[in-house]
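Following the working numbering, the numbering of the sequence shown begins with 3 at its first residue and continues without gaps.
The beta-carbon is built from N, C-alpha and C at its ideal position, and this holds for glycine as well.
This one's a predicted model, so the numbers in the text were calculated from it and none came from an experiment.
These notes concern the structure reproduced below.
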Amino acid sequence: MKNIDWKNLPFGYLDTDYNIRCYYKNGKWGELEISSAKHVDIHIAATCLHYGQECFEGLKAFNCKDGKIRIFRWEDNARRMQTSSQGILLAEMPVELFGEAIKKAVLLNKEYVPPYDSGAALYIRPIIIGTGPEIGVKPAIEYLFLVLVTPVGPYFKEGFNPVNIMISRKYDRAAPEGTGHIKVGGNYAGSLLSMHEAHKKGFANVLFLDPRAKKYLDECGPANFFGIKDNTYITPYSKSILPSITNKSLMTLAEGMGMKVERRVVPIDELETFEEVGACGTAAIISPIKLIFDDDTGKAYEYCKDGKAGPISSKLYNKLRAIQYGDEPDVHKWVTVLEM
Ligand code: PLP
Ligand code: COI
């Protein structure tokens, strides 16, 4: 295992030894290639550079108490990547080849999978970029699929400690019928300015509203939003929300804990009624929220009055982590144990 300060890892990029590459040419994907290069050499007219023809995924591998490495729900990421490809006319990566590539990337860099008790994980980042040259606005005919891995700590520096969030009306991350529901680079470029402004005002991130009416809750930065009240787990539905695999898992776990689950439009005013709220995603895991500030109205919604995550968020967090780290039986078949 590498000599890294695992316990203090931020959510950032750290070099590892290998990445996996696969090229799409003449209408088909080639063999998986192992690379130790940190750069890609692409054409100056590649569609990813000019027209943002790019999609990506994010998932994690965990070092477990039994010495095995587990990957969480990778098939869901593979399928979501196909949906993203369909949305911006990228070549689709077959699920099996995606699986082979991410497993290879993890195994080749297994010295970088953080130890069990560090709370950190190996973040797996597959991308597909249009590499073929075009200058008219059209999809490329050549693509590169690449998987890099990097060890990460929690996305928010607060970890599982509650964060402050700001409602953004000034900017949207995606259009009502646009690309919000798929994981394409443009959505993240579109969110940078609003996040930057929120950070400058001292907030950890932005709570976006639905881009059509600006009346309903959408996403919380690069994570889904959830609220809890009356033994019910409530998460916004909107066409511009990315369907989060973490959120889907939490819905299943909440149901298993005897809670009701609702995925529906959530008006802003409902924020007043929640007992607990949080952001969830692969990177964020669960990030409890203690304050939501509406920058336009000056209204503040407060939670976690004792400064700690609420009981249900804590229970969901512990349950999810226990499954990911192999401490609890994987009854939902979410986990792949790597053959080493
Ligand atoms: N929403 C956005 C915009 C994201 O970027 C992510 C991260 O992938 C999520 C939600 C959470 O999705 P998942 O739980 O599949 O990581
Ligand atoms: C994730 O949660 O995996 C993300 O992709 C969020 C962000 C780092 C883009």
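When DSSP builds the beta bridges, which residues end up paired with residue i?
i: TRP336; result: DSSP, once it has assigned bridges, lists no residue as partnering TRP336.
i: VAL2; result: In the structure displayed, the chain extends from 3 to 342; residue 2 sits before or after that span and is not available.
i: THR284; result: Paired residues: none, contrary to the question.
i: TRP31; result: TYR26
i: GLU304; result: LEU293
i: CYS57; result: ILE130, VAL186
i: TYR20; result: Paired residues: none, contrary to the question.
i: GLY229; result: ILE236, VAL279
i: TYR157; result: BP columns for TYR157 are empty, so no partner.
i: SER37; result: ASN21
i: LYS262; result: THR234
i: PHE64; result: ARG72
i: LEU124; result: ALA63, PRO153
What are the boundary residues of the alpha helix (DSSP H) that residue i is part of?
i: THR254; result: 247-258
i: PRO313; result: 313-326
i: TYR235; result: Here TYR235 belongs to no alpha helix (DSSP H); instead the beta strand (DSSP E) covers 234-238.
i: LEU194; result: 194-202
i: THR49; result: 49-53
Between which two residues does the beta strand (DSSP E) harbouring residue i extend?
i: PHE100; result: Run containing PHE100: none in the beta strand (DSSP E); it sits in the alpha helix (DSSP H), 97-110.
i: MET168; result: 165-170
i: ASP220; result: 219-222
i: ARG82; result: Not the beta strand (DSSP E): ARG82 falls in the alpha helix (DSSP H), residues 76-89.
i: TYR145; result: 145-154
i: ASN207; result: 207-211
Please go through the same chain and pick out, in chain order, the residues whose beta-carbon is closer than 8 Å to the beta-carbon of residue i, but skip the five residues on each side of it.
i: VAL139; result: TYR53
i: ASN111; result: THR18, ASP19, TYR20, LEU124, VAL151
i: SER315; result: ILE230, GLU278, GLY280, ILE288, PRO290
i: GLU33; result: CYS24
i: ILE137; result: ALA47, HIS52
i: ALA107; result: TYR20, ASN21, ILE22, ILE126, VAL149, LEU150, VAL151
i: ASP78; result: ILE247, LYS250
Examine the ligand ADP and report whether any of its heavy atoms sits within less than 7 Å of the Cβ of residue i.
i: PRO224; result: The ligand ADP is absent from the structure shown, which contains only the ligand PLP and the ligand COI.
Counting only the same chain and skipping the five closest in sequence on each side, list residues whose C-beta sits under 7 Å from that of residue i.
i: TRP336; result: PHE74, ARG75, SER251, ILE325
i: PRO178; result: PRO213, ARG214, LYS241, SER242
i: ASP43; result: none
i: SER86; result: CYS57, ILE184, LYS185, VAL186
i: ASN233; result: MET261, LYS262
Excluding five sequence neighbours on each side, which residues of the same chain lie with their C-beta closer than 6 Å to the C-beta of residue i?
i: SER240; result: ASP212, ASP220
i: GLN84; result: GLU94
i: PHE147; result: CYS24, MET95, ILE130
i: PRO128; result: GLU59, VAL149
i: LEU91; result: PRO141
Open item on the list: Check whether the stretch 286-300 and the stretch 33-43 are in contact - that is, three or more C-beta pairs closer than 8 Å.
Closed with: no
Open item on the list: Would the stretch 218-228 count as touching the stretch 109-129 if we require 3 or more Cβ pairs under 8 Å?
Closed with: The stretch 218-228, when compared against the stretch 109-129, does not touch it at the 8 Å Cβ threshold.
Open item on the list: Taking contact to mean 3 or more Cβ pairs, one atom from each stretch, closer than 8 Å, check whether the stretch 61-78 and the stretch 320-328 are in contact.
Closed with: yes
Task: Touching by the beta-carbon criterion (3+ pairs, under 8 Å), the stretch 168-178 and the stretch 200-211 - done: yes
TODO: Decide yes or no for the touch test of the stretch 180-193 against the stretch 61-70: beta carbon pairs closer than 8 Å, at least 3 of them.
DONE: no
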